[in-house]
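Taking it in order: structure first as structure tokens, then the write-up.
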């Protein structure tokens, strides 16, 4: 069974810092990997989706990389802002088992950016 | 696009009562997922549908839980009878594009069973 781990569980930084959030998964046979943001009391907002054939995706100040062979993905946040404070979750869709499959989620990294 | 729409946003009920949660997926999406989120267990997949057909319901906790998708634009998750341990946030999500596979979530239904 695919297991997804996110480190660190929580992170508190001053505004302006560049951040790296880590996600690791145990089975490299994945269809894609998706990063989400969750604000308190809200649903999950999709940030970036990386297909298994891709190495990275970028959106604004966010950059996500994927290294399937080592079972790792990183989410890089440049010049962090207080508005980036949220929980960030990664999820992988395994290739084995079914065409669509289920997403396996990490427990998330709770990020606080203080002014 | 209105996104995935869930109702009710909040539900407080007493143990033993029936609870029905509703979801309208994004138009054109042909896969729908129900998740439950708690502090203890994080996000758990309960069931998912493809083209209105249940594909994997192995995450449904027990017979008290049931889900239906009578058409492409509507799904329900029912709990009968409800118990305090069912208290959680229930999310519905729909899948955009079988090959791109980007999942979009609703805002969730927060259920409290007293």
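Protein chains in written order, with my numbering: chain A, -5 to 109; chain B, 8 to 121. Just so it is clear, CB atoms sit at the ideal spot from N, CA and C, and this is done for glycine as well. Small disclaimer: the values here were computed from a predicted structure and weren't measured.
Closest in C-alpha terms to residue 67/B, from the list 57/B, 77/B, 31/B, 84/B, comes 84/B. Listed along chain B, the residues sitting closer than 8 Å to residue 36/A by beta-carbon distance are 114, 115. Taking the Cα positions, residue 89/B is about 16 Å away from residue 44/B. The alpha-carbon separation between residue 77/B and residue 30/B amounts to approximately 12 Å. Short of 8 Å from the beta carbon of residue 9/A, and not among the five residues preceding or following it, lie these beta carbons of its own chain, in chain order: 74, 75, 76, 107, 108, 109.
Residue 23/A and residue 69/B have their C-alpha atoms some 30 Å from each other. Per the C-alpha coordinates, the member of 47/B, 48/B, 46/B, 38/B positioned closest to residue 54/B is 38/B. Residue pairing for residue 66/A: DSSP places it in a beta bridge opposite 18/A, 61/A.
Taking the C-beta atoms as reference points, residue 4/A is found no nearer than 8 Å to residue 33/A. Listed along the chain, the chain A residues whose CB falls inside 9 Å of the CB of residue 49/B are 83, 99, 100, 101, 102. Here DSSP, grouped into helix, strand and coil, assigns residue 49/B to strand.
Boundaries for residue 36/A: no beta strand (DSSP E) harbours it, and the DSSP string shows neither H nor E there. Apart from sequence neighbours up to five positions away, the residues of its chain that approach residue 13/A with a beta-carbon distance below 6 Å are 71, 74, ordered along the chain. The C-alpha of residue 97/B is placed about 26 Å away from the C-alpha of residue 15/A. Between residue 114/B and residue 36/A, the gap from beta carbon to beta carbon is short of 8 Å. By the rule that beta-carbons nearer than 8 Å mark a contact, residue 40/A touches chain B. With fewer than 16 other Cβ atoms from the protein chains shown falling within 10 Å of its own Cβ, residue 64/A counts as exposed. Chain-ordered, the chain A residues with CB closer than 8 Å to the CB of residue 98/B read 37, 38. Collapsing the DSSP output to three states places residue 103/B in a strand.
Sequence-distant Cβ neighbours of residue 16/B in its own chain, meaning closer than 8 Å and more than five residues away, are 114, 115, 116, 117. Identification of chain B residues near residue 28/A by a Cβ-Cβ cut-off of 9 Å yields 108, 109, 110, ordered along the chain.
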